[in-house]
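Here's the structure we're looking at; comments come further down.
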Amino acid sequence: MSDNLPPCPQCSSEYTYEMNALMVCPECAHEWVPAEGDSAASPDAGERVIKDAVGNVLNDGDTVTVIKALKVKGSVSGIKAGTKVRNIRLVDGVDGHDIDCRIEGFGAMQLKSSVVKKA
């Protein structure tokens, strides 16, 4: 076991451990990716990369196509596969929903990047 593991950035606990590519704090259950070279780097130091279902990197303002039919809560019909979504915004969403968009006929909603491909 390594003695030079960084303390938890959330609760400053010294009992952190490595789990695959993540660092984990057993006291507050915080998980984070350690910064290379600098253990005190801010969380905004590395930019998050979001990829679509086939591995293309997505950016704000891109147009994507839905690759799988999606059920929409409160709607009789869902979103059909092949629906184009224009001008997406990448966000830190809930439950893996990392795309914020407006779909014609449905309004504003969030999508997972795993159900879209770059158009």
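FYI, the numbering for the sequence shown is 286 to 404, going by this note's numbering. Ideal Cβ positions, reconstructed from N, Cα and C, are used throughout, including at glycine.
Check each candidate in the options and name the one with the smallest Cα separation from residue i.
i: Asn-344; options: Ser-298, Val-379, Arg-371 and Ile-364; result: Arg-371
i: Val-351; options: Val-342, His-315, Gly-390 and Leu-396; result: Leu-396
i: His-382; options: Lys-369, Ser-398, Val-342 and Ile-373; result: Ser-398
i: Glu-312; options: Ala-404, Cys-293, Glu-303 and Ala-306; result: Cys-293
i: Ser-360; options: Met-394, Ala-404 and Pro-291; result: Met-394
i: Lys-353; options: Asp-337, Val-342 and Met-308; result: Asp-337
i: Leu-306; options: Ser-297, Val-318, Glu-299 and Tyr-300; result: The question names Leu, yet the displayed sequence has Ala at residue 306. Among Ser-297, Val-318, Glu-299 and Tyr-300, the Cα nearest to that of Ala-306 belongs to Val-318.
i: Gly-390; options: Lys-365, Asp-347, Val-309 and Asp-380; result: Lys-365
i: Lys-369; options: Gly-378, Lys-403, Ala-314 and Gln-295; result: Lys-403
Could you round the C-beta distance between residue i and residue j to whole angstroms and report it? I think they count as a contact, below 8 Å.
i: Leu-355; j: Gly-367; result: With 8 Å as the limit, Leu-355 and Gly-367 do not qualify as a contact, their Cβ atoms being about 12 Å apart.
i: Ile-384; j: Val-401; result: 7 Å
i: Val-339; j: Ile-373; result: Val-339 to Ile-373, Cβ: 16 Å. No contact.
i: Ile-335; j: Leu-290; result: Actually they do not touch by this definition, with Cβ atoms about 28 Å apart.
i: Val-309; j: Glu-316; result: 5 Å
Name the DSSP bridge partner or partners of residue i?
i: Ile-384; result: Leu-375 and Leu-396
i: Leu-307; result: Met-304
i: Ile-364; result: Leu-355
i: Val-349; result: Val-370 and Lys-403
i: Val-342; result: Lys-336
i: Glu-312; result: In the DSSP output, where bridge partners are listed per residue, Glu-312 has none listed.
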